[in-house]
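Visitor: Provided herewith is a single structure, encoded as structure tokens, for subsequent inquiry.
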Amino acid sequence: EFYESLKEEDGNSLEIIFASSDRDEQSFSLYYGEQPWISIPFANSDIKQKLSQKYGVRGIPTLIILDGNTGAIKDSDGRGTVSASHGD
228 EFYESLKEED GNSLEIIFAS SDRDEQSFSL YYGEQPWISI PFANSDIKQK
278 LSQKYGVRGI PTLIILDGNT GAIKDSDGRG TVSASHGD
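Number 237 in this note's numbering belongs to position 10 of the sequence shown; there are no gaps in the numbering.
Next comes the structure, spelled out in structure tokens:
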């Protein structure tokens with residue numbers, strides 16, 4: 228709901244990129260098929276691994292908010308921030 232409401236307000240203000248930790252492509256497809264955002268293709272797990280290392284991902288789900296222009300981390304606990312601000 229958070230993502231969809233922001234996209235309605237300004238389609239260019241936010242983009243979520245799903246990086247799967249699924250163990251097989253079928254699980255990825257089932258889960259990702261329910262999501263409104265874009266994804267790193269399952270076959271590109273090397274990219275997901277590099278991002279996990281770069282941003283210190285230790286558990287799932289993780290939401291890290293980056294500045295789209297600079298790549299700088301704006302919030303390393305985006306999941307907690309979104310949950311706290313919207314009660315979800």
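In this text, a Cβ means the ideal position worked out from N, Cα and C, and glycines have one as well.
Out of GLY305, LYS277, ALA311 and SER310, state which residue places its alpha-carbon closest to the alpha-carbon of ILE243.
Guide: One-based indexing of the sequence shown puts residue 243 at position 16. Answer by Cα proximity: GLY305.
Visitor: Would you identify the three-state DSSP class for LEU257, choosing helix, strand or coil?
Guide: Sequence index remark: in the sequence shown, residue 257 carries index 30 (1-based). Three-state result, LEU257: helix.
Visitor: Report the residue ranges of all beta strand (DSSP E) runs contained in full by the region 263-306; include only those spanning at least 3 residues, in chain order.
Guide: 300-302
Visitor: Below 9 Å between beta carbons: does that hold for ASP249 and TYR258?
Guide: To locate residue 249, count along the sequence shown from 1; it is residue 22. To locate residue 258, count along the sequence shown from 1; it is residue 31. Yes, these two residues count as a Cβ contact at 9 Å.
Visitor: Taking C-beta to C-beta, are LEU278 and ALA311 nearer than 9 Å?
Guide: What you label residue 278 is simply residue 51 of the sequence shown in a count that begins at 1. What you label residue 311 is simply residue 84 of the sequence shown in a count that begins at 1. Cβ atoms of LEU278 and ALA311: not closer than 9 Å.
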